[in-house]
Amino acid sequence: MTEIVLALGLLTVKNDGTLEHPIQMPYVSYSDMVHHFIDDIYDFIDHNKDMELNRYGDILNQNGLKWGSKSMSTADVSNLDAQCIMALITGAVRAERFCDGALLGFFKDGSIRKWLERLKELDNGSGTEVR
Numbered sequence: 024m025t026e027i028v029l030a031l032g033l034l035t036v037k038n039d040g041t042l043e044h045p046i047q048m049p050y051v052s053y054s055d056m057v058h059h060f061i062d063d064i065y066d067f068i069d070h071n072k073d074m075e076l077n078r079y080g081d082i083l084n085q086n087g088l089k090w091g092s093k094s095m096s097t098a099d100v101s102n103l104d105a106q107c108i109m110a111l112i113t114g115a116v117r118a119e120r121f122c123d124g125a126l127l128g129f130f131k132d133g134s135i136r137k138w139l140e141r142l143k144e145l146d147n148g149s150g151t152e153v154r
């Protein structure tokens with residue numbers, strides 16, 4: 024995703040941690056597009072309470088997945104239903120709240136794209152909806 028910008032503060036000899044030369048810690052700065060994506064996910068959660076996405080961890084567990092980057096990224100989504108796919112996306116967005124850059128990892132490894140493509144399949148009726 025070219026819309027994601029990774030901004031790293033570099034440690035240099037000049038930045039020794041004093042008040043005059045503070046050390047800049049690395050951070051991730053997302054583009055407006057990513058912020059809109061995050062906002063859209065929270066709006067979806069708020070307007071689709073019947074999907075119970077506030078229980079995303081339980082939904083993942085019920086589908087044999089863990090709320091962790093490896094389990095989520097390597098999940099075979101071919102038989103997952105829309106609720107579980109949205110739980111994966113919700114888990115990725117929530118992970119960013121606890122670990123700066125977590126969402127970036129899901130974008131970079133193609134997980135977000137894979138999940139959105141599965142939702143599109145389900146929406147088009149070509150996917151197998153499993154509950």
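For the sequence shown, our numbering assigns the number 24 to the initial residue and increments by one for each residue that follows.
Just so it is clear, CB atoms sit at the ideal spot from N, CA and C, and this is done for glycine as well.
Sequence-distant residues of its chain with Cβ nearer than 8 Å to residue i (five each side left out)
{"i": "A125", "result": "S92, A115, A118 and E119"}
Start and end residues, beta strand (DSSP E) containing residue i
{"i": "S101", "result": "Element bounds for S101: n/a, residue is neither H nor E."}
Residue range of the unbroken alpha helix (DSSP H) whose run includes residue i
{"i": "S134", "result": "S134 to N147"}
{"i": "L126", "result": "A125 to K131"}
{"i": "L83", "result": "Y79 to Q85"}
Residue closest to residue i, alpha-carbon to alpha-carbon, out of the options
{"i": "K137", "options": "D146, F121 and D99", "result": "D99"}
{"i": "H58", "options": "F130, E144 and L145", "result": "F130"}
{"i": "Y65", "options": "D146, S96, A110 and L127", "result": "A110"}
{"i": "D123", "options": "G87, M95 and Y53", "result": "Y53"}
{"i": "F60", "options": "L139, W90 and G148", "result": "L139"}
Neighbourhood of residue i by C-beta distance below 7 Å, restricted to the same chain and skipping five residues each side
{"i": "R141", "result": "V100, L103, I108 and G150"}
{"i": "M74", "result": "Q106 and M109"}
{"i": "L76", "result": "I68, M109, A110 and T113"}
Beta-carbon contacts of residue i that lie in its chain and below 6 Å, excluding the five residues immediately before and after
{"i": "N84", "result": "none"}
{"i": "S134", "result": "S96"}
{"i": "L71", "result": "In the sequence on display, residue 71 carries Asn and not Leu. Around N71: no qualifying Cβ."}
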